[in-house]
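What follows is a short report on a single structure.
Residue numbers (my numbering), protein chains in the order written: chain D, 63 to 395; chain R, 63 to 395.
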């Protein structure tokens, strides 16, 4: 089969790879569409010790089942493989399973014609759902999960809250779209990349600003700050922008530098929520949201052939990709 | 009147001070008992920019009303003076009021024979309640508030949880006692001071250990970590000790150094809760807990004369005070 393989820092190659082993007791999926995630880019930059080349990246995937009880069905993949029996899995928080494994991290990922994955990781989807839309399930679920955790503890409802999203990548954009869907009418989004700001502005759901420009919103004014970057700088910014008694929802994993102002967090009783991926219920809810069109027109999502994946990685790396989400389409699809 | 005045770094003096102004429209209180708080020590060390000498410190106070509609009544003081009309005050979170002021910070504190305080800051107490016990209301409320915030979001009840308290000062000890009262049966408490460890051990409610010794409990095993120190080191320790999906309740304000592992907090979906003081309801609940004896024998609390306050500050500073709480008794009481 063909696959896009991460071979070295700043290098991915579209090349022939062996098909997934046929003697596996897992489902074989012929892939239809697979999104490029920020964490794939992190690996590409050589910054993710967990992803060692050569490795097929990619985990935001939709495809057709080629064997077993669900043969012929189109499915969304839950890329997080978990044990199913630990206290976290049994408690509805399988994302915290100590044995969790993401496809495209140690196991081969989905930037390929085919992939093997356990049957329990196949999620039902409407059979007439568009592939590219369905491939957005995973990033939408990441944003939805973060907002869900914040929503459970926020003092007043989201529909009465003022929210700031830091970072106009796909997690940030989906977070803004979900906040809007939930009735939040006072949303800001900050990004230093002018192309990203342009895309965010075109959605017409939030006030877009440049964090290093002169139109930065008032400090201490946001009930909820979603940090979809996760750097020392954005944590410092989150600490300053959030209101007394408010919430910082921390989704990004850019670095582990200092930046969080724990003194202000303490004196102003601010909550910092760590977020990692999603539960299975978040994934299912995201398929529903996307299928219903609740997140509006998704024409800002860009589609390219998997065979041109290397150029896509390069464009994102060089800040030349206006769209915060590029979905790659394998030739077999 | 006599008062204990913070005059310089590492210096408090028991001396004559003018009585509180008689033309005030506030209540005049003749003080019965006033505890020394960690934040008083912080000022004494010259580390609190908010407390500028010369200043009468002290805010954990109980006394008798000398004027107005409640004349003759014994009351606990709510030392936090708030506006009463902002969104935080109206929303039950007066501790977040932007106009809040603590006695003994800019206004004179309670290490004195008398103090003025707004009538709305007087809390009813059982008239036969012991003064020293009643003076514990404020620190108990601080611990109770932190546990209440954690309890609202913890995944399983406290009675099924494993809890770690970092710091055997009064906030840490009260936190352990409150956890025990709420049915938590698996409590650890860490302190580097051997005298503090001895006192904590004497309570017989938790496993006491030395964080820089060789009996440190297993990392990643605590549903709830209460950091009652709040230093870079204890935040690093909190980050390591808390379980995936668990809670760090951050109460201490020792420094603002780096230490929190925001990467682990994100990957393991850990919540960091900033805590500041208490609500009026927390104070009322704390009076009830103390009066009912729900926190066990309080014979570990030490009492000294206000006139010997300077020695008490010195003993705490030098790590020679075995008791995590010293309550000072004015001569007029």
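Even glycine gets a Cβ: it sits at the ideal position worked out from N, Cα and C.
Beta-carbon proximity check, residue i vs residue j, cutoff 8 angstroms
{"i": "residue 250 of chain R", "j": "residue 286 of chain R", "result": "no"}
{"i": "residue 165 of chain R", "j": "residue 174 of chain R", "result": "no"}
{"i": "residue 116 of chain R", "j": "residue 178 of chain R", "result": "no"}
{"i": "residue 122 of chain R", "j": "residue 154 of chain R", "result": "no"}
{"i": "residue 296 of chain D", "j": "residue 333 of chain R", "result": "no"}
{"i": "residue 236 of chain R", "j": "residue 264 of chain R", "result": "no"}
{"i": "residue 180 of chain D", "j": "residue 94 of chain D", "result": "no"}
{"i": "residue 143 of chain R", "j": "residue 67 of chain R", "result": "no"}
{"i": "residue 201 of chain D", "j": "residue 233 of chain D", "result": "yes"}
{"i": "residue 272 of chain D", "j": "residue 258 of chain D", "result": "no"}
{"i": "residue 188 of chain R", "j": "residue 353 of chain R", "result": "yes"}
{"i": "residue 90 of chain R", "j": "residue 128 of chain R", "result": "yes"}
{"i": "residue 221 of chain D", "j": "residue 245 of chain D", "result": "yes"}
{"i": "residue 197 of chain D", "j": "residue 124 of chain D", "result": "yes"}
{"i": "residue 311 of chain D", "j": "residue 158 of chain D", "result": "no"}
Counted within 10 angstroms of its Cβ, other Cβ atoms place residue i as buried (16 or more) or exposed
{"i": "residue 275 of chain D", "result": "exposed"}
{"i": "residue 152 of chain R", "result": "exposed"}
{"i": "residue 72 of chain D", "result": "exposed"}
{"i": "residue 170 of chain D", "result": "buried"}
{"i": "residue 305 of chain D", "result": "buried"}
{"i": "residue 379 of chain R", "result": "exposed"}
{"i": "residue 224 of chain R", "result": "buried"}
{"i": "residue 195 of chain D", "result": "buried"}
{"i": "residue 331 of chain R", "result": "buried"}
{"i": "residue 281 of chain D", "result": "exposed"}
{"i": "residue 130 of chain D", "result": "exposed"}
{"i": "residue 289 of chain R", "result": "buried"}
{"i": "residue 328 of chain R", "result": "buried"}
{"i": "residue 86 of chain D", "result": "exposed"}
{"i": "residue 299 of chain D", "result": "buried"}
{"i": "residue 78 of chain D", "result": "exposed"}
{"i": "residue 107 of chain R", "result": "exposed"}
{"i": "residue 84 of chain D", "result": "exposed"}
{"i": "residue 359 of chain R", "result": "exposed"}
Cβ-Cβ separation, residue j to residue i (assumed contact under 8 angstroms), whole Å
{"i": "residue 294 of chain D", "j": "residue 321 of chain D", "result": "3 angstroms"}
{"i": "residue 291 of chain R", "j": "residue 228 of chain R", "result": "6 angstroms"}
{"i": "residue 372 of chain D", "j": "residue 75 of chain D", "result": "7 angstroms"}
{"i": "residue 242 of chain D", "j": "residue 209 of chain D", "result": "Rounded, the Cβ-Cβ distance is 11 angstroms, inconsistent with contact."}
{"i": "residue 392 of chain D", "j": "residue 368 of chain D", "result": "5 angstroms"}
{"i": "residue 231 of chain D", "j": "residue 261 of chain D", "result": "Their Cβ separation, rounded to whole angstroms, is 10 angstroms, which puts residue 231 of chain D and residue 261 of chain D out of contact at 8 angstroms."}
{"i": "residue 161 of chain R", "j": "residue 307 of chain D", "result": "Residue 161 of chain R to residue 307 of chain D, Cβ: 15 angstroms. No contact."}
{"i": "residue 349 of chain R", "j": "residue 199 of chain R", "result": "5 angstroms"}
{"i": "residue 239 of chain R", "j": "residue 357 of chain R", "result": "4 angstroms"}
Any C-beta of chain D under 8 angstroms from that of residue i
{"i": "residue 328 of chain R", "result": "yes"}
{"i": "residue 155 of chain R", "result": "yes"}
{"i": "residue 25 of chain R", "result": "This structure gives no information on residue 25 of chain R, because the portion of chain R shown stretches from 63 to 395."}
{"i": "residue 307 of chain R", "result": "yes"}
{"i": "residue 150 of chain R", "result": "yes"}
Short CB-CB distance (under 8 angstroms) between residue i and chain R
{"i": "residue 323 of chain D", "result": "yes"}
{"i": "residue 267 of chain D", "result": "no"}
{"i": "residue 338 of chain D", "result": "yes"}
{"i": "residue 212 of chain D", "result": "no"}
{"i": "residue 333 of chain D", "result": "yes"}
{"i": "residue 297 of chain D", "result": "yes"}
{"i": "residue 158 of chain D", "result": "yes"}
{"i": "residue 224 of chain D", "result": "no"}
{"i": "residue 292 of chain D", "result": "yes"}
{"i": "residue 129 of chain D", "result": "no"}
{"i": "residue 217 of chain D", "result": "yes"}
{"i": "residue 107 of chain D", "result": "no"}
{"i": "residue 312 of chain D", "result": "yes"}
{"i": "residue 320 of chain D", "result": "yes"}
{"i": "residue 315 of chain D", "result": "yes"}
Inset, instruction - Take every Cβ of the stretch 206-225 of chain R, pair it with every Cβ of the stretch 110-118 of chain R, and state whether three or more of those distances are shorter than 8 angstroms. - result: no
Legend entry - At least 3 beta-carbon pairs within less than 8 angstroms: the stretch 357-369 of chain D vs the stretch 335-344 of chain D: no
Legend entry - Three or more C-beta pairs below 8 angstroms linking the stretch 122-139 of chain R and the stretch 176-190 of chain R: The stretch 122-139 of chain R is in contact with the stretch 176-190 of chain R.
Inset, instruction - Please confirm if the stretch 311-329 of chain R is in contact with the stretch 340-352 of chain R, defined as three or more CB-CB distances below 8 angstroms between the two stretches. - result: no
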